[in-house]
Structure formats: structure tokens, C-alpha cells
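Trainee: Quick note, this note's numbering runs 110 ahead of the 1-based positions in the sequence shown.
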Amino acid sequence: MRNFNNHSGHVIVIGWHEKQTQKLIDCILSDERRQNGRILLCVKDEELTHPLPDYDQVDFARLSCFSDESEFVRIAAQSANRVIIHGENDEQTLTAALSLSPVVKDDCHIVAYFDNPKNAELLDRYCKNVECGTNRAAELLARSMQDPGSSRVLSHLLNPQTGATQFSLVIPSHADDVSVEELSRRMKADNNAILIAVSTMQSGDDVELNPDSARTLKPGYYIHYIASKRLLHDEIDWPKLVEFSPT
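Below is the structure:
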């Protein structure tokens, strides 16, 4: 019940599902170059005590309600970098997402998981700063049946504990326009990274996989890439990209 309002740049995880949530937190912590601070695990269960007491980077908060503004102040929601919501049920997840969406800062990204795709579609219509996820088991089974090994490839892309995986990066404001072809070439040559998708939105709603090589990328665009570790902005030689970009 302590006050966490001095937290800043942290990750808020709402909901506890034992093995699932622990694996989620393990994946977050395994990314040693993540640009986020401590993890604040929040639950509504009055009986639950800190489920991960040995994790020194994970704090624990028991909330009275997932729509109470005073509770959002207590967990410093307005200062968080990221929010992950997976409530006890879809109704709890929807309530928390709708309540938190207008509270967080503009560059804070919210991810919400739903069992029912219709609830995800509903939230997508009203909260553009929330990225909704649902169970994709059927799609994964179909793809693995048609293209053997697909489930293993996708598992590796999602898990930073298994080597090269997928990351994203926003093109900084000081960079000049650059083509997909040139950026891809530079990232592969200098960072051994593979550009796989681009988006103009943080939520990825307009994501384009395997974009045309002639497409022009601008500051503020999001690029998605595969690499053995997360790339930081200063590890890409943006001035060099300006020098080589087509006129």
C-alpha cells in the first residue's frame, strides 16, 4: 500500500497470472538495453502479497480500483514509460485501459491483452495510444502446418532470451529523410541488423512489413528490425545516412 509517486520512466504491469506474468517480466528484464526503469506490478487481489520478492527491480502495489485517479497518482502513471495490462478478465482489462489512456504522457505506450478479439477491436476504436493483443494460437498452428518451423521462428522473434529478436526504434528529429534501401543497407553493414517493417504510428496500426526499397522514411517514423541486441539512437550513424541518401 506504499506510495510510488516518486517513480519515473518505469514500466507498469497490471494483472498477475503467475507463470505468464513472471515470464513476461523475465523477458523485460533480460533486455539489458531497455530504455525503461523499474517495473511496478499492480494487482487488485486483496489476498496476494508480492509474488516476486527476490526480483530487486520489481515493486508491488495493491490497488483498490483500476479506474481510481488517486491510485494512478500513487503509482505515478503520468510518469510511466510503458504500461502492460492483462487483467483477471477482459472487463477488468478494458476498464484499466480506458481509464489510463488519457492519464499517461503522450509518448507512453500502453499494451492490453484480451481473450475476446471484439473487446480489442472496441478499444482500438477509442484509444489510439493503446496497442491491443489477442490469442493467435489458431493462426500460429495454421502457419506452422503450411510452413514448417514457423512457430519456432516467431517464438525466437518474440523472446529476447533466445538470441536475435525483434526491436523497434523511432527515427530521431535530427535525422534527414532516407530511403528504406539506404537505411537497410547501413543497418546491416554497421549493426548487423535487418529492417523488416516501418510505421508512422507508435501503436503500429499502419505497420508495413517488407516496405518498398524506394520508400522515404522521415524523422518520427518507427522502424522495426531484427538484431542480437537493441540499438540505441547514437549507434546508427544518421549523418552518414544523410550523406548517402538519394536526392
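Yeah, the Cβ is synthetic: ideal placement off N, Cα and C, and Gly gets one too.
1) Looking at the strands, I want to know which residues DSSP matches up with H196.
2) Give me, in chain order, the residues of the same chain whose beta-carbon lies closer than 7 angstroms to that of C175; leave out the 5 immediate sequence neighbours on both sides.
3) Tell me which same chain residues have a C-beta within less than 6 angstroms of the C-beta of H343, skipping the five on either side of it?
4) On the three-state DSSP scale, how would you describe R295?
5) Put D169 into one of helix, strand or coil per three-state DSSP.
6) If you drop the 5 nearest sequence neighbours on each side, which residues of the same chain put their C-beta closer than 6 angstroms to that of H120?
7) Count the other CB atoms, across all protein chains shown, that sit within 10 Å of the CB of H127; report buried if there are 16 or more and exposed otherwise.
8) Can you find at least 3 beta carbon pairs, one from the region 192 to 202 and one from the region 221 to 235, that sit closer than 8 angstroms?
9) What are the uninterrupted segments assigned as beta strand (DSSP E) that are 3 or more residues long and contained completely in the region 303 to 343, given in chain order?
10) Taking DSSP as the reference, what is the three-state secondary structure of A222?
11) Just mark N239 as buried or exposed, buried being the case when its beta carbon has 16 or more other beta carbons within 10 Å.
12) Return the Cβ separation of E292 and A324 in integer angstroms, given the expectation that the two are a contact with Cβ distance under 8 angstroms.
13) Between A341 and A303, which are expected to be in contact by the criterion C-beta below 8 angstroms, what is the C-beta distance as a whole number of angstroms?
14) Within 10 angstroms of the Cβ of L305, are there 16 or more other Cβ atoms? Answer buried if so, exposed if not.
15) Give me the residue from A187, V168, V280 with the minimum Cα distance to G314.
16) Sort out for me which residues DSSP pairs L150 with in a bridge.
17) Let me know the secondary structure DSSP gives V288 once reduced to three states.
18) Nearest CA to the CA of L208: which residue from C242, K339, D217?
19) State yes or no: is the C-beta of A206 within less than 7 angstroms of the C-beta of I124?
20) Candidates E142, Q130, F114: which alpha carbon is nearest P270's?
21) Report the rounded CA-to-CA distance for I122 versus R192, giving the unit in angstroms.
22) Helix, strand or coil, according to DSSP, for V213 in the structure here?
23) Whose CA, out of S260, S261, T275, lies closest to the CA of L267?
Mentor: In brief:
1) Looking up residue 196 in the sequence shown gives position 86. DSSP lists no partner for H196.
2) By one-based count along the sequence shown, residue 175 stands at place 65. Cβ within range, chain order: E181.
3) By one-based count along the sequence shown, residue 343 stands at place 233. So the qualifying residues of the chain are P282.
4) Here residue 295 corresponds to residue number 185 of the sequence shown, with the count starting at 1. The three-state secondary structure of R295, taken from DSSP, is helix.
5) Position 59 of the sequence shown, counting from 1, holds the residue named residue 169. Strand at D169.
6) The residue labelled residue 120 in the question sits at position 10 within the sequence shown. Counting only Cβ-Cβ distances below 6 angstroms, and skipping sequence neighbours, we find G147, R148, L150, A190.
7) On the sequence shown, position 17 is the one that residue 127 refers to. Classification for H127: exposed.
8) yes
9) 304 to 309, 332 to 337
10) Residue mapping note: residue 222 aligns to position 112 of the sequence shown, counting from 1. Residue state, collapsed to three classes: strand.
11) As a working note, residue 239 is residue 129 in the sequence shown. Classification for N239: buried.
12) Walking along the sequence shown from the start, residue 292 turns up at place 182. Walking along the sequence shown from the start, residue 324 turns up at place 214. No, E292 and A324 are not in contact; Cβ-Cβ is about 10 angstroms, not under 8 angstroms.
13) The residue given as residue 341 occupies position 231 in the sequence shown. The residue given as residue 303 occupies position 193 in the sequence shown. Per the sequence shown, residue 341 should be read as Leu rather than Ala. With 8 angstroms as the limit, L341 and A303 qualify as a contact, their Cβ atoms being about 6 angstroms apart.
14) For the purposes of this step, residue 305 is taken as residue 195 along the sequence shown, with counting starting at 1. Label assigned to L305: buried.
15) If you number the sequence shown from 1, residue 314 lands on position 204. Out of A187, V168, V280, the CA that lies nearest to the CA of G314 is found in V280.
16) The residue labelled residue 150 in the question sits at position 40 within the sequence shown. Beta-bridge pairing links L150 to I122, D169.
17) Numbered from 1 along the sequence shown, position 178 holds the residue referred to as residue 288. If DSSP states are grouped into helix, strand and coil, V288 belongs with the strands.
18) For the purposes of this step, residue 208 is taken as residue 98 along the sequence shown, with counting starting at 1. Comparing Cα-Cα distances from L208 to each of C242, K339, D217, the minimum goes to C242.
19) Numbered from its first residue, the sequence shown carries residue 206 at position 96. Numbered from its first residue, the sequence shown carries residue 124 at position 14. Against a cut-off of 7 angstroms, the Cβ pair of I124 and A206 comes out as a contact.
20) Translated into positions along the sequence shown, residue 270 becomes position 160. Of the candidates E142, Q130, F114, the one whose C-alpha sits nearest the C-alpha of P270 is E142.
21) Reading the sequence shown from its first residue, position 12 is the one you call residue 122. Reading the sequence shown from its first residue, position 82 is the one you call residue 192. Taking C-alpha positions only, I122 is separated from R192 by approximately 6 angstroms.
22) In the sequence shown, residue 213 corresponds to position 103, counting from 1. V213 falls in the coil class under three-state DSSP.
23) Within the sequence shown, residue 267 is the residue found at index 157, counting from 1. Among S260, S261, T275, the Cα nearest to that of L267 is on T275.
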